[in-house]
Each structure stands twice: as C-alpha cells, then as structure tokens.
Amino acid sequence: MGAAIMADGEFQAARRVNRSLTAAAEKRVLEAMARRAPRWVTSDQLTVLGLVAQVGGGVCYALARWDRRVLLAGIVCLALNWLGDSLDGTLARVRQQQRPRYGFYVDHVVDQLGALAMMAGMAVSGLVHAEVAVAMLVGFLLLSAESYLATYTLGRFEMSQGWFGPTEIRLLLAAGNVALVRTPYATVLGHRWLLFDVGGVIAAAGMLGMLLVVTVRHTVALYRAEPLHCVRRHCMQRTAR
Numbered sequence: 000m001g002a003a004i005m006a007d008g009e010f011q012a013a014r015r016v017n018r019s020l021t022a023a024a025e026k027r028v029l030e031a032m033a034r035r036a037p038r039w040v041t042s043d044q045l046t047v048l049g050l051v052a053q054v055g056g057g058v059c060y061a062l063a064r065w066d067r068r069v070l071l072a073g074i075v076c077l078a079l080n081w082l083g084d085s086l087d088g089t090l091a092r093v094r095q096q097q098r099p100r101y102g103f104y105v106d107h108v109v110d111q112l113g114a115l116a117m118m119a120g121m122a123v124s125g126l127v128h129a130e131v132a133v134a135m136l137v138g139f140l141l142l143s144a145e146s147y148l149a150t151y152t153l154g155r156f157e158m159s160q161g162w163f164g165p166t167e168i169r170l171l172l173a174a175g176n177v178a179l180v181r182t183p184y185a186t187v188l189g190h191r192w193l194l195f196d197v198g199g200v201i202a203a204a205g206m207l208g209m210l211l212v213v214t215v216r217h218t219v220a221l222y223r224a225e226p227l228h229c230v231r232r233h234c235m236q237r238t239a240r
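Each step along the sequence shown adds one to the number in numbering that gives the first Met the number 0, with nothing skipped, and position 31 is 30.
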C-alpha cells in the first residue's frame with residue numbers, strides 16, 4: 000500500500016518509485032488482476048495472505064532440515080506472498096479505497112514480521128549458518144529503516160534499490176530453493192560452501208553497500224534542501240524582528 004508523510008500538519012501520500020527489472024510488467028499484471036478480483040476479496044485479506052505465506056515459507060525452510068523437497072512448497076509460499084503483498088495496495092487503488100496511513104503502517108509492520116519468520120526458518124534449517132541469516136535480517140531491517148526515514152523526509156517512497164525490488168528477491172529465493180533440492184552445497188574457488196551461505200553473504204554485503212550509497216545520497220539531498228547558511232540567515236531574520 001502507499002507510503003505517506005506529514006506536510007504542514009496535513010497528511011499527504013508520498014510519491015512511489017519503483018525502478019526494478021520487473022516493475023513495469025508487474026504493474027500491468029497486478030492492475031489487471033485487481034480489476035478482475037471478486038468483490039469479496041479485500042486488501043486486508045491479501046495483506047494477511049502475504050504474511051501467512053511468508054511465515055509458511057519460514058516453516059518450509061525449517062522443515063527442510065529433515066527433507067529438502069519441502070522447499071518446493073516454499074516456492075508456492077513465495078508466490079502467495081507476492082500475490083498478497085503486491086496486490087493489496089493495487090486493489091485498494093483500483094477500487095479507490097486507499098487508506099494511506101493505515102496501509103503504509105500495517106504493510107510494513109507485516110514486512111518486518113514476515114522477514115523475521117523467514118530468516119528464523121533459514122537459521123534453523125541447517126542450509127545456512129545462523130550468523131549469515133542474522134546478517135541478512137539486520138541488512139534488511141537497516142535498509143527498511145532508511146527507506147521509511149527517506150519517505151518521511153523526502154516525500155518519496157523507494158520500493159526498489161536499483162534494479163532489485165521485493166519481486167526480484169523472491170525470484171532469486173525460488174531459484175535457490177530449486178537448487179537446494181538438488182544439493183545444499185556450491186563450489187567456489189575450489190572450496191565447498193553451503194549454497195545459501197554464499198548467497199547470504201553476498202546479499203548481506205550488497206544490502207550494506209546499498210545502505211551506505213543511499214544514506215550518502217539522501218543526506219546530500221537533504222543538506223542541499225536545508226543548507227546551514229539558510230538556516231542561520233532565517234534565525235538572524237527572526238531575531239531582528
């Protein structure tokens with residue numbers, strides 16, 4: 000659902016920005032699905048579906064400790080999570096039923112809970128070291144926090160980082176699940192590693208790198224919008240009055 004900010008004491012919706020690889024095609028598909036959705040389907044139901052599916056994905060990772068074939072069910076959970084998480088806001092917009100404050104808050108609290116469930120499942124799966132799962136969770140939470148701060152201060156909600164957004168991450172996880180069913184290991188530079196350890200380290204490092212880049216970019220943008228000399232001049236003018 001849409002992001003939002005407070006401006007001049009009045010609530011306003013923030014501009015949504017999505018530059019991911021699948022964004023354009025995904026938008027067309029979601030709008031078509033929203034127009035054809037039965038009237039009894041609501042945005043709240045879809046939000047709940049997204050959360051339940053993500054928790055189910057975490058359960059599948061945990062159960063994969065004993066049988067990796069359950070990861071195929073995890074792919075179904077990823078698909079249902081995409082459906083619920085992506086369609087809820089689109090449905091509200093198509094039906095002109097937006098609740099920007101409620102939607103923004105609930106949608107992103109659900110994201111945090113779902114990410115925790117997913118990483119907890121990975122941590123106990125034996126398919127990735129717990130430290131790597133925690134690093135991925137921390138990276139996600141830090142990027143999320145920066146995104147929410149940028150939404151409030153810049154009035155722009157960035158739904159993706161470069162070409163990667165939630166849908167691309169789900170596709171990578173689905174491909175990883177297929178690979179894990181075959182073998183949990185990967186050979187890199189002549190050494191055998193857990194496949195999800197390799198992917199997790201790359202993901203955590205990538206999120207940290209993106210965090211540093213966007214933090215610098217947004218800090219510069221905010222400084223230019225509120226340069227110190229203008230603040231001092233404003234204070235002097237107020238004092239003179």
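Using N, Cα and C, we set each Cβ at its ideal position, and we do this for glycine too.
How should residue i be labelled, buried or exposed, when 16 other C-beta atoms within 10 angstroms of its C-beta is the threshold for buried?
i    : result
A224 : exposed
L148 : exposed
E157 : buried
I201 : exposed
R216 : exposed
W81  : buried
P226 : exposed
L172 : buried
T150 : buried
R241 : Here the chain comprises residues numbered 0 to 240, so residue 241 is not present and cannot be evaluated.
V212 : exposed
Q160 : buried
Q11  : exposed
G175 : buried
Does the separation of the CB atoms of residue i and residue j fall below 8 Å?
i    : j    : result
R155 : A13  : yes
C76  : A52  : yes
C59  : L70  : yes
R27  : V93  : no
L179 : L126 : yes
R15  : P183 : no
V187 : V197 : yes
L20  : W162 : yes
A122 : A114 : no
E25  : T166 : yes
A129 : G57  : no
S143 : Q111 : yes
L153 : A220 : yes
A116 : V54  : yes
A203 : L194 : no
G164 : N17  : yes
Under the DSSP definition of a beta bridge, which residues are partnered with residue i?
i    : result
L193 : Y184
R15  : F156
F163 : Q160
Would you be able to state if there are at least three C-beta pairs under 8 Å between the segment 81–89 and the segment 38–54?
Short answer: they touch.
Pick out the complete beta strand (DSSP E) segments inside the segment 28–94, 3 residues or longer, and give them in chain order.
Within the segment 28–94, no complete beta strand (DSSP E) run reaches 3 residues.
Is the segment 136–144 touching the segment 203–220, taking contact as three or more C-beta pairs under 8 Å?
Contact check between the segment 136–144 and the segment 203–220: three or more CB pairs, one atom from each, fall below 8 Å, which counts as touching.
Please specify which runs of the alpha helix (DSSP H), each continuous and at least 4 residues long, are wholly inside the segment 87–152, giving them in chain order.
Complete alpha helix (DSSP H) runs here, min 4: 99–122.
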